[in-house]
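As they're listed, the protein sequences go chains S and P. With this note's numbering, the residue at position 385 of the first sequence is 779, and numbering never jumps. With this note's numbering, the residue at position 298 of the second sequence is 303, and numbering never jumps.
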Amino acid sequence: MPYDDFRRDDYNALSDTDFRALTRRFLAATYPADMRFPQKRLHWDEAEPWYMTLSAAGWLAPAWPRAHGGMGLAPSKQLIYVEEFERFGAARTPDHGIMLLGPLLITYGSEAQKAHFLPRIIAGEDIWCQGYSEPNSGSDLASLRTEAVLDGEEWVVNGQKIWTTLAGDADWIFCLVRTDKAAKKQEGISFLLIPMDTPGVTTRPIINLERDDEFSEVFFDNVRVPKGNIVGEVNQGWTMAKNLLGFERIFLGSPRQSASALAKLYRLGEHYELFEDREFVNAYNGFRMELEDHHALFERVADKLRRGETLGPEVSFLKLNQTSLYQRITEYGLTIMAEDSALLDPLDGNRDLAMPTQFLNARAATIYGGTTQVQKNILAKAVLDLP
Amino acid sequence: MIDADTRSSMEMIRDSAGAIVTKGDLTRIRRLRYDLPGFDKAVWREICALGWPGLRLSEEKGGVELGTLPYCALAEELGRGLVPEPLIPATLAASLLEGGALEAHLSGERLVLPAWQDSRKALLPDGPLRIRNGAVTTRKLNVIGAAGADDFLVIGTDGVALVAADAPGVTVTPLGTQDGGHVAQVNFDLAPANVVACDPVPALTEAALASAAYLLGVIDASISLTTDYLKTRVQFGKTIGQFQILQHMAVDLKLEAEVARASVEAAAEAWDRDGATTETRAAISRAKARASDAALKVTRDCVQLHGGIGFTDEHDIGLYLRKAMVLASQFGSASAHRALFLDLKPIREVA
Numbered sequence: 395m396p397y398d399d400f401r402r403d404d405y406n407a408l409s410d411t412d413f414r415a416l417t418r419r420f421l422a423a424t425y426p427a428d429m430r431f432p433q434k435r436l437h438w439d440e441a442e443p444w445y446m447t448l449s450a451a452g453w454l455a456p457a458w459p460r461a462h463g464g465m466g467l468a469p470s471k472q473l474i475y476v477e478e479f480e481r482f483g484a485a486r487t488p489d490h491g492i493m494l495l496g497p498l499l500i501t502y503g504s505e506a507q508k509a510h511f512l513p514r515i516i517a518g519e520d521i522w523c524q525g526y527s528e529p530n531s532g533s534d535l536a537s538l539r540t541e542a543v544l545d546g547e548e549w550v551v552n553g554q555k556i557w558t559t560l561a562g563d564a565d566w567i568f569c570l571v572r573t574d575k576a577a578k579k580q581e582g583i584s585f586l587l588i589p590m591d592t593p594g595v596t597t598r599p600i601i602n603l604e605r606d607d608e609f610s611e612v613f614f615d616n617v618r619v620p621k622g623n624i625v626g627e628v629n630q631g632w633t634m635a636k637n638l639l640g641f642e643r644i645f646l647g648s649p650r651q652s653a654s655a656l657a658k659l660y661r662l663g664e665h666y667e668l669f670e671d672r673e674f675v676n677a678y679n680g681f682r683m684e685l686e687d688h689h690a691l692f693e694r695v696a697d698k699l700r701r702g703e704t705l706g707p708e709v710s711f712l713k714l715n716q717t718s719l720y721q722r723i724t725e726y727g728l729t730i731m732a733e734d735s736a737l738l739d740p741l742d743g744n745r746d747l748a749m750p751t752q753f754l755n756a757r758a759a760t761i762y763g764g765t766t767q768v769q770k771n772i773l774a775k776a777v778l779d780l781p
Numbered sequence: 006m007i008d009a010d011t012r013s014s015m016e017m018i019r020d021s022a023g024a025i026v027t028k029g030d031l032t033r034i035r036r037l038r039y040d041l042p043g044f045d046k047a048v049w050r051e052i053c054a055l056g057w058p059g060l061r062l063s064e065e066k067g068g069v070e071l072g073t074l075p076y077c078a079l080a081e082e083l084g085r086g087l088v089p090e091p092l093i094p095a096t097l098a099a100s101l102l103e104g105g106a107l108e109a110h111l112s113g114e115r116l117v118l119p120a121w122q123d124s125r126k127a128l129l130p131d132g133p134l135r136i137r138n139g140a141v142t143t144r145k146l147n148v149i150g151a152a153g154a155d156d157f158l159v160i161g162t163d164g165v166a167l168v169a170a171d172a173p174g175v176t177v178t179p180l181g182t183q184d185g186g187h188v189a190q191v192n193f194d195l196a197p198a199n200v201v202a203c204d205p206v207p208a209l210t211e212a213a214l215a216s217a218a219y220l221l222g223v224i225d226a227s228i229s230l231t232t233d234y235l236k237t238r239v240q241f242g243k244t245i246g247q248f249q250i251l252q253h254m255a256v257d258l259k260l261e262a263e264v265a266r267a268s269v270e271a272a273a274e275a276w277d278r279d280g281a282t283t284e285t286r287a288a289i290s291r292a293k294a295r296a297s298d299a300a301l302k303v304t305r306d307c308v309q310l311h312g313g314i315g316f317t318d319e320h321d322i323g324l325y326l327r328k329a330m331v332l333a334s335q336f337g338s339a340s341a342h343r344a345l346f347l348d349l350k351p352i353r354e355v356a
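Okay, structure coming up:
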């Protein structure tokens with residue numbers, strides 16, 4: 395078989411060093427060179443070949459148990475997998491099924507749901523998107539109002555989701571819906587699986603600040619869904635969703651974005667011949683040192699995982715630190731570009747110099763995955779024990 | 006990754022620091038300020054009895070070969086308690102001494118303090134020692150604790166020379182520092198000296214790391230004092246810790262502390278694993294720069310968070326700010342260390 399060289403019966407039996415080397419060999423052998431370090435999320439048509447390669451090689455779902463088609467990697471090896479993929483500049487595929495829905499079903503799904511949905515994710519037959527946020531429920535997600543009412547053997551869904559990544563590519567959406575309007579807000583939420591082609595489901599793309607269409611609104615107008623499409627217990631959705639946020643939160647603090655911005659700053663420095671300028675050199679050096687410090691912080695948290703400890707709320711410090719650094723590098727990048735930063739087309743038509751693009755995209759980093767301000771509210775209580 | 010043995014060493018040494026550091030009580034510290042020598046020689050002898058100045062040395066030299074991480078943990082505990090006794094400079098001296106002189110230093114009989122700095126903003130001596138006919142002539146800046154020294158270890162790029170503090174030709178000019186201690190300019194004018202050849206760079210680099218670790222204690226204690234205050238001070242009918250802006254300020258400070266700690270620990274780990282290399286020296290410069298900036302930011306904001314009482318001599322929080330002002334540039338300021346980092350790791354190879 396074509397990928398036998400990269401398959402192992404037990405990846406965890408390899409040393410970390412050997413697994414890292416294997417991952418590098420795998421990427422070098424299989425990833426299309428011209429697709430390294432994409433500037434934005436790939437749509438399904440662009441990502442499909444890579445998705446299928448990963449699927450065929452058995453490398454699609456690093457965190458899933460082997461029984462369900464995953465690699466069964468221990469946390470320390472999952473860290474290596476992500477690190478090497480990021481280092482190589484491998485694109486993320488539309489991976490909500492792999493990262494979110496899969497683990498949800500594995501933990502809370504019925505046998506029938508697992509048997510039906512998991513293989514289809516591995517095979518690339520079902521692409522999933524996530525229906526959480528609503529126009530009136532962002533930071534305060536628990537206030538969500540999209541409702542599902544039981545009518546005989548069907549749930550009837552009405553409402554709207556927003557910021558749904560790659561909804562246009564998706565076959566299915568997994569949604570948090572309100573199933574009890576009388577209960578306390580967190581206690582009346584369920585997890586519901588909805589086919590995107592169900593009558594009453596419509597999608598409208600949102601053009602983001604960088605004029606990309608990775609997000610959509612999804613509208614539900616009397617959408618009828620079989621009763622069995624609830625995952626786990628009715629009204630247990632909030633608890634399940636919270637439990638799903640496992641150690642993967644560490645990746646929200648990955649140094650990758652800052653490293654990419656710093657590399658771009660370096661290229662701009664070369665372009666404008668700024669390495670003779672003391673002020674630029676000092677500024678660049680300062681960011682470089684900050685990035686190394688952030689890396690030390692990341693490794694400190696990763697070491698907790700490697701020791702088998704669970705991560706506490708302090709993992710949020712990673713996101714705070716990284717996103718601040720990332721934005722500041724892009725802000726500085728704009729200043730050194732001076733009036734060139736006002737132009738729409740990248741300098742010299744070279745997307746590797748496109749700092750305004752990165753500056754705009756960086757604005758989202760302190761917003762998604764829990765805004766900086768909400769994270770600080772949580773940290774104040776959880777870590778500093780403030781009232 | 007810090008292994009279990011090292012972590013347990015670090016815990017043990019933190020506990021043992023309690024013999025010298027009185028938790029939450031800075032009375033002794035306050036009393037010693039703005040006077041010479043600014044530290045208590047009796048306490049220094051207790052510190053020697055605990056074996057601290059020799060902790061890093063080999064067993065045959067009278068030490069326990071303690072790793073860098075536990076040494077940093079000890080320095081941090083001293084920082085938490087604003088301990089003025091010059092353990093870090095004395096440890097530096099211990100690593101460059103030998104024989105009878107080392108024994109007398111470790112026992113506390115003769116406190117030997119290093120005199121290495123030739124010019125402002127320097128992180129290393131400018132050049133070799135000028136010795137002629139068994140005597141040294143030089144002028145050293147920023148000698149920490151000089152007024153309390155029995156001997157000076159004069160350090161050049163190529164070696165060290167031991168000079169008695171009361172030897173002919175030695176003049177000590179103390180300058181008070183913001184924390185109530187002092188540094189001194191020490192003139193050596195044909196002062197009698199024995200020379201020992203050695204490379205002082207690792208010892209000076211390690212002293213910078215230990216200073217960064219001391220600052221971690223300053224940072225941590227300041228945050229602790231401040232969060233306690235936020236939880237008890239009542240204004241507008243509630244404890245002020247409920248106000249979101251103050252919560253966010255406190256979280257920002259905790260983040261500074263976490264990053265500084267990660268940087269110091271990563272540098273200490275690498276130093277232990279690889280010894281003195283370009284990479285590890287750069288990591289230590291990074292840690293000192295980070296800790297220096299973080300300590301000033303944290304202690305400034307902690308004064309702010311205390312409101313009016315933060316701006317008094319009576320409240321402890323101000324002592325932490327003034328200590329940060331001094332340790333921030335001890336064994337190299339943030340800007341000096343950033344410049345060294347750049348030297349050690351040039352951004353581009355010059356074609």
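From the three backbone atoms N, C-alpha and C, an ideal C-beta is built for every residue, glycine too. Keep in mind the model is a prediction, meaning the values are calculated, not measured.
Contacts around residue i, its chain only, beta-carbon distance under 7 Å, and the 5 residues preceding and following it disregarded
| i | result |
| --- | --- |
| Tyr76(P) | Leu60, Arg61, Ala215 |
| Tyr502(S) | Val625, Gly626, Met634 |
| Leu535(S) | Tyr526, Ser527 |
| Phe413(S) | Tyr405, Lys471, Ile474 |
Nonlocal neighbours in the same chain, by C-beta distance under 8 Å from residue i, ignoring five residues either side
| i | result |
| --- | --- |
| Leu421(S) | Glu478, Phe479, Phe482, Ala484 |
| Thr237(P) | Thr244 |
CA-to-CA distance, residue j to residue i, given in whole angstroms
| i | j | result |
| --- | --- | --- |
| Asn199(P) | Leu167(P) | 6 Å |
| Leu107(P) | Thr96(P) | 11 Å |
| Ile588(S) | Glu16(P) | 53 Å |
| Val619(S) | Ile521(S) | 18 Å |
| Arg353(P) | Arg343(P) | 16 Å |
| Thr232(P) | Asp257(P) | 12 Å |
| Asp10(P) | Ala189(P) | 40 Å |
| Lys28(P) | Ser100(P) | 29 Å |
| Lys46(P) | Thr724(S) | 53 Å |
| Ala441(S) | Arg430(S) | 12 Å |
| Arg514(S) | Asp403(S) | 22 Å |
| Cys569(S) | Trp632(S) | 11 Å |
| Gly139(P) | Ala213(P) | 31 Å |
| Ala759(S) | Thr729(S) | 20 Å |
Whole-number beta carbon distance between residue j and residue i, since they are thought to touch under 8 Å
| i | j | result |
| --- | --- | --- |
| Phe316(P) | Val303(P) | 17 Å between Cβ atoms; not a contact. |
| Ala296(P) | Phe346(P) | Actually they are not in contact, since the Cβ atoms of Ala296(P) and Phe346(P) sit about 14 Å apart, beyond 8 Å. |
| Tyr425(P) | Leu332(P) | Shown here, chain P extends from 6 to 356; a query on residue 425(P) therefore has no answer. |
| Glu81(P) | Leu260(P) | No, Glu81(P) and Leu260(P) are not in contact; Cβ-Cβ is about 18 Å, not under 8 Å. |
Cβ neighbours of residue i in the same chain (closer than 6 Å, five flanking residues each side left out)
| i | result |
| --- | --- |
| Gln651(S) | Tyr720 |
| Val355(P) | In this predicted model, Val355(P) has a pLDDT of only 49, less than 50, meaning its place in the structure is not dependable; the value taken from the coordinates is given anyway. So the list is empty, once near-sequence residues are dropped. |
| Arg643(S) | Val709 |
| Ala169(P) | Asp156 |
| Lys350(P) | Ala287 |
Collapsed DSSP secondary structure at residue i in the structure displayed
| i | result |
| --- | --- |
| Asn744(S) | coil |
| Ala166(P) | strand |
| Glu480(S) | helix |
| Leu195(P) | strand |
| Ile224(P) | helix |
| Asn616(S) | strand |
| Cys203(P) | coil |
| Ala120(P) | strand |
| Pro707(S) | helix |
| Val571(S) | strand |
| Gly181(P) | strand |
### Message
Check whether the region 45-55 of chain P and the region 108-124 of chain P are in contact - that is, three or more C-beta pairs closer than 8 Å.
### Response
yes
### Query
Does the region 665-677 of chain S come close enough to the region 495-511 of chain S that 3 or more CB-CB pairs lie under 8 Å?
no
### Task
Report yes or no: do the region 317-331 of chain P and the region 709-724 of chain S share at least 3 C-beta pairs separated by less than 8 Å?
no
### Query
Is there contact between the region 279-294 of chain P and the region 697-711 of chain S, where contact requires at least three CB pairs shorter than 8 Å?
no
### Task
Determine, using beta-carbon pairs with one atom in the region 676-690 of chain S and one in the region 755-772 of chain S, whether at least three such pairs fall under 8 Å.
no
### Message
For the structure I just gave you, are there three or more beta carbon pairs, one from the region 38-45 of chain P and one from the region 724-741 of chain S, closer than 8 Å?
### Response
no
#### Entry: Three-pair Cβ contact test at 8 Å for the region 595-613 of chain S versus the region 749-757 of chain S
yes
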